[in-house]
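Residue numbers (the working numbering), protein chains in the order written: chain X, 335 to 646; chain W, 47 to 446.
Where is the CB? At the ideal position from N, CA and C, for every residue including glycine.
Have a look at the structure below, then the notes.
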C-alpha cells in the first residue's frame, strides 16, 4: 500500500487510479465530480460533501471523520462501516444505515427517507442528530449511551427505548415524543435548540399566560407560546382586537398582544372553511386590518390588489 | 500520628504544604519547594476537634490543586531528576493569564541578561524576550547558546519574540534552537510564547510549525506553546514527549486533527485551549474523538480541554468515553461550562482512576454546583470574583 500526501491522494482518487493508498491526514473532495472510489483507501478524514457519489467500497477505512453531506445520489453505505464520526446531512436518497455500522457520532439531519435501522450496529459515546428525519418511527435498542440526541422535527417518532442513556440534552422540538423513559427522566431538554423545562415539553396545558409574559428570554417565550397554542395564549392574555370582519370561514379577528422587550405579537384568528378549525396565524406587527393580514400571507404588500375570487 | 504532605506547581509557584496531627494539636509547615518553610502549631479543645480541622484543611488544599507528594502525578521517578507530570501544569486560575510565568517545570524563571554569568546546573530557567523598544530575544538566545550553562539547561522559555511588531512568527527562534540541539543536550522542556496580553493579545500571536522542535529534540519531554494563529505540528512522532500544551484563543480544527493522528506514546499531559470560532477555533467535539477513544495516548494522566466555548458538548461526550476511565485529572476550566455540561458531568466515573476535576471559571448555577460537590472527586468549582454572571452573554476566559 502506497502512502500519499492528502493532495496526491486527491489527484489519485479523481483520476480513478486503482492502486491501494494510505493517507496520514484529511482528504478534501468536496464539490468534486467524484462518483465512485476506485481503489482501496485508508485515511484519517474524508470529505465527499456535495459529490455525485453513489456508493462507497467495503474496503474503505476512515479512522476519524467521514463526511458525506448533501450527497444526494448516495443510496447505500457498506456493511461494517467503521469511523469516528459519520455525517450524512441532506442525503435525501439514503433510506437505511448499514448492518454493523460502528461510529461515535452520527449526523443524519435532513434525511427524509431514512427509516430503517440495522439489526446490529454500534452508535455510542458521541452525539446523534436526526433533525427532520420524518420517516424515523423508532430508535433501536442497541443505541447509546450518547452525549446529545437531536430528534427535532421527527414527527413520526413517538417513543424512545427504555434504558436509553443520554448524558447531555435531548432535543424533541416538533417531534412526536410525549413522554420519556425512566432512564431519561432527568435529562435536560431542548425544543429546536432552545433549552426548555419538562413542563413546557410534556405538560403544555399547564403553561399559563403569566408564566409566558414573565419569561425574560425571548426564544423561550416563543417556544412556550407555541407549546400552549397561540389561540389559547391570545385568549388567556385577553388580546386587544385591532380589527374584525368576515370571510368564507366566518368571523375573523386581528389580535394584538404587547410583550415587554419584544415586538408585539399580532395574529389573524380565522376559521378554515375546509377543515372547520380555528387558526391563529402570526403576521407582522404593523398590520392594521384582517384583510391586510390575509393579503400579506398571500404575498401581497398592497392589500388593495388582493381580491381572491374564492377562499377555501 | 497522622501526616500528609502535599505539593503544588503551576506557572507561578512550586511549593509544599505539610500537616502533622498530634493528639489535640496539629502543625502545618509550608513554603517554597526546596526550602524548610515555616511552621505553625495550633491546639484544639480535644483530639476530635483537631482531627476535624486537619481533615478540613487537607480537603481545602486538594480543591485548590495541591496533590499528594507521593502521588503518581508528583512522582519524580527513581532518579530524582525526572520531571513529575505535575510540573507540566501551565496556569491554574484565570487571573494567571495576565502574568508572565514565574516558574517553569517547577524551576524559577529569570530573564536572560547577557552581562551576567548564567547559573550552572540548570537550576534556573532563562527567558528570552524582546520589548517594544529592544529586539533582544534572538541576540540574547544566541549569546546564551555560546555559554556552558546552555549545555545544562533543562528548560527554556521564549517570551515575546516580536517586540512591537506583532506580525512576526517564531520561525527564526525555532530554527536557532534546532540548529543548536546538540549543544542543548540536557533540554527537556520548551515554552514557546510566554506572552501576556499587555505585550500582545493571545489571538494576535503568530505561531508557526513547531514540528521541527519535535524532530530536533528527541529527548524533549514538554512542549508548551501560546497562540493559535498559524500553529502547525508538522512532525507527529516523538517517543519521549510527555507533555503537550497549546494555549490559544482559538485552535484550528486541523491542529486538533493533527494531534488526533499523532504518535506520542509517552504523552501524560495533553492540554488544548480550543477557544472560540471568532478567533479561528473551528474545531468541534467530533475532532476530539480519536483522543477520547483512549487508543492514542496509553500513558495519559491529565487531559485539559480549556478556554472552550463548546465545553458543554465535550462534557456530554467525555463522561461516556473510554479515556475518562483511566486519566487522573480532567480539566475543563476557563470555558463556557453551563448547567447542561455540569449535569452531564454528574455521571463522571467515581470508582476509577479519576481524582481531580478542574472546572474553575464556569457559568453553572448553584443548584448544579451543589450536585457536583457531592461527587467523591476533588473538584475546583471556583469562579473569579470579577466574573460577569449575566445569563445572556457568556465568554471563554481568553477571547478578548
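Asked	Found
Min CB distance residue 479 of chain X to chain W below 8 Å	yes
Assigned exposure category for residue 240 of chain W - 16 Cβ within 10 Å defines buried	buried
From X:416, X:480, X:644, X:345, residue whose alpha carbon lies closest to that of residue 581 of chain X	X:644
Alpha helix (DSSP H) segments (min. 4 residues) lying fully within the region 184 to 257 of chain W	195 to 198, 217 to 225
The ligand FMN heavy atom lying under 7 Å from the CB of residue 301 of chain W	The ligand FMN is not part of this structure, which contains no ligands at all.
Contact with chain B by residue 371 of chain W, beta-carbon distance below 8 Å	Checking the listed chains, one finds no chain B in this structure; the protein chains it contains are X and W.
Cut-off 6 Å between Cβ atoms - residues of its own chain near residue 591 of chain X, not counting five sequence neighbours on either side	571, 573, 599
Closest by C-alpha distance to residue 349 of chain W, when choosing among W:197, W:386, W:290	W:290
Chain W contacts made by the region 353 to 367 of chain X, where a contact means CB separation under 8 Å	358, 359, 360
Rounded C-alpha distance that separates residue 255 of chain W from residue 334 of chain W	21 Å
Top-ranked residue by Cα proximity to residue 27 of chain W, from W:222, W:375, W:224, W:190	No statement about residue 27 of chain W is possible, as the shown extent of chain W runs from 47 to 446 and does not include it.
Residue 233 of chain W versus residue 360 of chain X: straight-line alpha-carbon distance, rounded	33 Å
Contact with chain X by residue 306 of chain W, beta-carbon distance below 8 Å	yes
8 Å Cβ cutoff, residue 166 of chain W in contact with chain X	no
Chain X contact for residue 359 of chain W (CB, 8 Å cutoff)	yes
Per DSSP, the bridge partner or partners of residue 156 of chain W	W:172
Contacts around residue 417 of chain X, its chain only, beta-carbon distance under 6 Å, and the 5 residues preceding and following it disregarded	396, 400, 437
Closest by C-alpha distance to residue 510 of chain X, when choosing among X:474, X:544, X:467, X:497	X:467
Where residue 365 of chain W meets chain X, residues with beta-carbon distance less than 7 Å	501
Simplified DSSP assignment, three categories, for residue 711 of chain X	Lying outside 335 to 646, the shown extent of chain X, residue 711 of chain X is not represented and no answer is given.
Whole-angstrom distance between residue 122 of chain W and residue 128 of chain W, CA atom to CA atom	5 Å
Helix, strand or coil at residue 457 of chain X [DSSP, three-state]	strand
Same chain, Cβ closer than 8 Å to residue 503 of chain X, neighbours up to 5 away in sequence not counted	482, 483, 521, 522, 523, 524, 529
Test item: CB-CB of residue 216 of chain W and residue 238 of chain W under 8 Å	yes
Close beta carbons around residue 460 of chain X, own chain, < 6 Å, minus the five adjacent residues each side	438, 439, 481
Per-residue burial, residue 432 of chain W [other beta carbons within 10 Å of its own, 16 or more giving buried]	exposed
Residues of the region 554 to 577 of chain X whose Cβ lies closer than 7 Å to any Cβ of chain W, in chain order	none
Residue 357 of chain W (DSSP reduced to helix, strand or coil)	helix
One or two residues paired with residue 178 of chain W in a DSSP bridge	Residue 178 of chain W pairs with nothing; no bridge assigned.
Span of the alpha helix (DSSP H) around residue 318 of chain X	For chain X, the structure presents residues 335 to 646; residue 318 of chain X sits outside this window and is missing.
Under the three-state DSSP convention, the category residue 425 of chain W falls into	strand
Cutoff 8 Å: residue 386 of chain W Cβ touching any chain X Cβ	yes
Buried or exposed by the 16-neighbour rule on C-beta atoms within 10 Å, applied to residue 336 of chain W	buried
Selection of the region 411 to 442 of chain X by Cβ proximity to chain W, strictly under 7 Å	418, 419, 438, 439
Residues near residue 417 of chain W by beta carbon distance below 7 Å, same chain, minus five either side	392
Helix, strand or coil at residue 584 of chain X [DSSP, three-state]	strand
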